[in-house]
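So the mapping is simple: this note's numbering equals the position in the sequence shown, first residue as 1, plus 2. We put the CB at the ideal spot given by N, CA and C, even for glycine. Before any comments, here is the structure.
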Amino acid sequence: MSPEHDEIAVVGAGLAGCLLACFLAQRGHQVALYERRPDPRTGRVERGRSINLALSERGLDALRRIGLDEQVMTDALPMRGRMIHPVAGEPQFQSYSASGDRAINSISRGALNNALLDAATALPGVRVAFDHRLVGLDPATGEMTFETPQGKVTANARVVLGTDGAGSAVRGQLLANGLLEESLDFLDYGYKELTIPPMGGDFALDPDALHIWPRGTSMMIALPNPDRSFTCTLFWPTHGTSAFASLGSPAAIERHFAEHYPDLIPLAPNLVDDYQHNPVGVLGTVRCTPWQATGRVGLLGDAAHAIVPFYGQGANCAFEDVVELDRCLDECGDDWTAALPLFQQRRQDDTEAIARMALANFVEMRDKVASPLFQLGRKVEHALERALPGRYVSRYELVSFSTTPYAEVVRRVRRQHQALGVVAAGAAALLVGAVGAALGRGRRR
Ligand SMILES: Cc1cc2nc3c(=O)[nH]c(=O)nc-3n(C[C@H](O)[C@H](O)[C@H](O)COP(=O)(O)OP(=O)(O)OC[C@H]3O[C@@H](n4cnc5c(N)ncnc54)[C@H](O)[C@@H]3O)c2cc1C
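So, in structure tokens, the structure goes:
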């Protein structure tokens with residue numbers, strides 16, 4: 003038997019794949035990491051493709067387990083709340099946590115990927131094959147076919163793990179073999195990246211916040227970068243009269259932004275060029291089942307359950323997958339035929355829960371955050387958190403600042419709301435009773 007037959011193949015050296023390689027090598031496995039792109043540590047970043055992301059507790063928890071959290075956090079920019087930009091008037095800051103000091107962290111996606119790649123390749127037992135795009139897989143034998151600059155090559159592995167993202171070729175191969183069912187729900191919104199460069203050598207906006215321009219049918223956000231620029235992401239419908247394609251000329255682009263995002267105009271000198279040349283990315287939710295086949299092929303991260311980005315959780319959730327698979331391997335003594343189904347059983351409710359919360363958060367971010375009623379609700383929520391520490395915790399805190407399983411977050415928030423409903427109903431009943439008694443006394447006098 004060739005040494006390849008003993009290897010675990012991880013297909014896709016993105017965020018989940020590199021972290022997974024680290025965890026597997028720590029368990030003593032021989033790992034072959036296959037990546038369709040050239041080595042990103044030597045290449046250029048693709049234009050307009052989300053260069054930063056928000057890392058929060060779930061992702062940090064995973065990085066801590068391989069001792070990479072401190073290194074990654076050196077270049078992170080903490081964002082303690084949302085800065086809401088109305089069409090007219092001053093921006094308003096809304097803290098993410100009751101204490102005001104908890105933060106999600108803006109980090110460079112490329113730097114994070116490279117740090118994970120460095121960590122993986124530094125471990126004995128990990129080898130990486132760049133420029134290897136998986137195009138074929140025999141789920142029964144683990145034989146993989148790759149397209150490379152030198153032509154097609156084949157390789158074998160004991161177990162094949164697909165961490166090749168939302169458009170996973172590994173998932174596609176399982177589908178083609180009738181071993182899996184999938185559903186892809188594309189949003190009728192796409193996204194385009196724009197840039198706010200540094201101004202006079204400094205950040206042009208407050209770097210301690212995630213900036214949001216909620217506009218109902220559209221929305222823009224901006225996250226700070228270590229080079230003092232901001233990456234803006236504009237979310238807008240992909241079809242229709244009010245959509246990306248509706249702005250056909252520089253004048254139309256400038257007019258639109260002057261009307262809807264007036265404070266952006268003086269901050270974004272390359273707005274028209276960015277708008278005309280950066281691609282429109284698609285957004286959607288991927289669901290599939292099962293996440294494994296024949297006990298030797300498995301899916302993790304976006305390949306199994308891609309979600310829309312509105313809770314900033316896709317990568318955090320993918321990292322959490324790796325931690326859970328590692329736990330399952332512990333419990334199953336590295337028996338993959340037992341660990342892979344157990345992994346799906348443990349994670350599927352959680353990934354479904356965050357998929358739904360991420361969709362709901364889109365409505366909150368683009369429609370609700372600007373409303374005075376929503377802002378009052380957040381203040382009441384933070385007051386409750388301070389009054390009932392540990393007993394009332396907001397959904398945002400549970401998702402972003404804890405590792406409480408996502409499905410448990412949903413159940414706990416429901417219980418909290420029910421309890422509040424009972425208290426509010428009780429208080430209302432007491433009030434009605436008191437008012438009734440007072441009125442009765444008034445009539446008797
Ligand atoms: C606009 C936007 C903003 C986001 N913001 C956040 C955020 O703030 N916080 C957060 O946690 N998440 C965020 N996400 C989600 C996050 O990017 C993903 O959930 C995360 O990257 C998933 O990691 P992954 O490793 O599963 O997949 P990916 O990061 O997509 O990695 C897949 C890898 O597989 C490789 N590959 C693909 N096909 C093949 C093949 N056939 N053969 C070999 N290799 C292949 C790819 O080149 C890539 O390297 C955002 C996503 C978008 C689109």
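- Non-local beta-carbon contacts of Val-274 in its own chain, meaning distances under 6 Å to residues more than five positions away in sequence, involve Pro-252, Ile-255 in chain order.
- In the displayed model, Glu-37 falls within coil according to three-state DSSP, outside both helix and strand.
- By the CB criterion at 8 Å, Ser-58 and Ile-109 fall outside the cutoff.
- Non-local C-beta neighbours of Thr-339 in its own chain, meaning closer than 6 Å and more than five positions away in sequence, comprise Gly-297, ordered along the chain.
- A contact between stretches requires three or more CB pairs, one per stretch, nearer than 8 Å, and the segment 296 to 316 meets this requirement with the segment 18 to 30.
- The beta carbons of Pro-281 and Ser-231 sit no closer together than 8 Å.
- DSSP places Val-89 outside both helix and strand once states are collapsed to three, so it counts as coil.
- Taking a contact to require three or more Cβ pairs closer than 8 Å, the segment 77 to 88 and the segment 339 to 353 do not qualify as touching.
- In this structure, DSSP gives Ile-106 an extended state, which the three-state scheme calls strand.
- Just measuring C-alpha positions, the residue of Pro-216, Thr-44, Cys-234, Ser-404 sitting nearest Leu-207 is Cys-234.
- With contacts defined as CB atoms closer than 8 Å, Glu-149 and Val-162 fail to qualify as a contacting pair.
- Placement of the Cβ of Glu-410 at a distance of 7 Å or more from every heavy atom of ligand 1 is found.
- Between the alpha carbons of Phe-403 and Thr-156 lies a distance of about 43 Å.
- Around the C-beta of Phe-132, 16 or more other C-beta atoms lie within 10 Å, and the residue is accordingly described as buried.
- Val-411 and Gln-315 do not touch by the CB rule: their CB atoms are close to 11 Å apart, not below 8 Å.
- The nearest non-hydrogen atom of ligand 1 is less than 7 Å from the C-beta of Val-13.
- Contact annotation, Ala-211 with Arg-84: C-beta distance approximately 6 Å; criterion of less than 8 Å satisfied.
- In this structure, Pro-311 has its beta carbon less than 7 Å from a heavy atom of ligand 1.
- Spanning the alpha carbons of Asn-363 and Glu-184 requires a straight line of approximately 24 Å.
- Remark: the C-beta of Arg-173 is outside contact range of ligand 1, defined as less than 7 Å to any heavy atom.
- For a cut-off of 8 Å, the C-beta gap from Val-325 to Leu-22 is around 10 Å, too long to register as a contact.
- CA-to-CA, the gap between Gly-203 and Leu-327 works out to about 44 Å.
- With respect to Ile-86, Ile-214 sits close: the two C-beta atoms are nearer than 8 Å.
- Annotation note: the segment 123 to 208 contains the following uninterrupted beta strand (DSSP E) runs of length 3 or greater, listed N- to C-terminal: 128 to 131, 135 to 140, 145 to 150, 153 to 157, 161 to 164, 183 to 198.
- Counting along the chain, the unbroken alpha helix (DSSP H) around Pro-252 starts and ends at 252 to 262.
- Nearest C-alpha to Pro-93 among Pro-264, Arg-39, Ala-421: Pro-264.
- At a Cβ-Cβ threshold of 8 Å, Thr-287 and Ile-309 count as neighbours.
- Scanning the segment 259 to 294 for uninterrupted beta strand (DSSP E) segments of 3 residues or longer gives 283 to 291, listed from N- to C-terminal end.
- Not one heavy atom of ligand 1 lies closer than 7 Å to the C-beta of Asp-332.
- For Cys-20, the enclosing alpha helix (DSSP H) covers residues 17 to 28.
- Partner residues in a beta bridge of Phe-246, as assigned by DSSP, do not exist.
- Contact between Cys-330 and Arg-348 is confirmed by a C-beta separation of about 7 Å, below the 8 Å threshold.
- When rounded, the separation of the alpha-carbon atoms in Ala-357 and Gly-379 is 24 Å.
- Note: Pro-226 is bridge-paired with Phe-232 in the DSSP secondary-structure output.
- Looking at the DSSP output, Pro-239 bridges to Tyr-191.
- The nearest non-hydrogen atom of ligand 1 is 7 Å or more from the C-beta of Ala-355.
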